[in-house]
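Presented below is the structure to which this report refers.
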Amino acid sequence: MSTDAIRFDAARGIDRVGGAAPAGRGRGAQAAPGFDRLLAQQLGPQAPAEPLRWSAHARDRLVQRGIQVTPEVAQRLEDAVQTAASKGSRDSLVMVDDMAFVVSVKNRVVITAVDQASMKEQVFTNIDSAVVAR
2 MSTDAIRFDA ARGIDRVGGA APAGRGRGAQ AAPGFDRLLA QQLGPQAPAE PLRWSAHARD
62 RLVQRGIQVT PEVAQRLEDA VQTAASKGSR DSLVMVDDMA FVVSVKNRVV ITAVDQASMK
122 EQVFTNIDSA VVAR
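Read in order, the letters of the sequence shown are residues 2 to 135 in the working numbering.
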């Protein structure tokens with residue numbers, strides 16, 4: 002074991018002072034790639050999220066309750082599910098205006114849809130998060 006002093010230089014890393022440099026690490030060595038770059042390389046290109054699917058039960062509830070899902074509402078619902086996914090949610094209650102949707106975030110499936118009139122005595126179970134879509 003050497004008794005050489007060690008110096009830290011943020012630009013170059015750790016160097017020995019007064020001793021020989023380890024083999025393969027001369028003054029001309031390039032800095033190691035940053036963590037962000039290494040992580041991005043390992044993850045590869047991110048595929049766009051698949052579109053939300055609607056369960057048969059959710060489609061039935063849309064018809065039964067007269068809920069209209071416009072393209073704007075659908076986009077807000079998609080964005081809310083993306084937000085829930087980024088926070089690690091598995092099953093979310095997503096509130097969009099006067100409507101509520103229970104969504105399996107992991108599977109990207111809308112499980113049920115509830116209008117304002119039906120929410121008065123509704124209890125939402127088996128969810129781990131709630132998102133208010135803006």
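Glycine is no exception: its CB is placed at the ideal position from the N, C-alpha and C atoms. Owing to the predicted nature of the structure, the values given are computational and were not obtained by experimental measurement.
Alpha carbon of A86 to alpha carbon of E51, nearest angstrom: 12 Å
Extent of the continuous beta strand (DSSP E) run through L78: It is not in any beta strand (DSSP E) - L78 instead sits in the alpha helix (DSSP H) that spans P72 to S87.
Between the CA atoms of P34 and K107 - distance to the nearest angstrom: 32 Å
Within 8 Å, strictly: CB atoms of V111 and A57: no
Whole runs of the beta strand (DSSP E) within the stretch 85-123, excluding any shorter than 3 residues: 92-97, 100-105 and 110-116
Boundaries of the beta strand (DSSP E) in which A131 is found, first to last residue: S130 to V133
Residues near S93 by beta carbon distance below 8 Å, same chain, minus five either side: A81, V82, A85, V103, V104, V106, I128, D129, S130, A131 and V132
Cβ pair D116, D98 closer than 8 Å: no
Buried or exposed (CB count within 10 angstroms, at least 16 for buried), T113: buried
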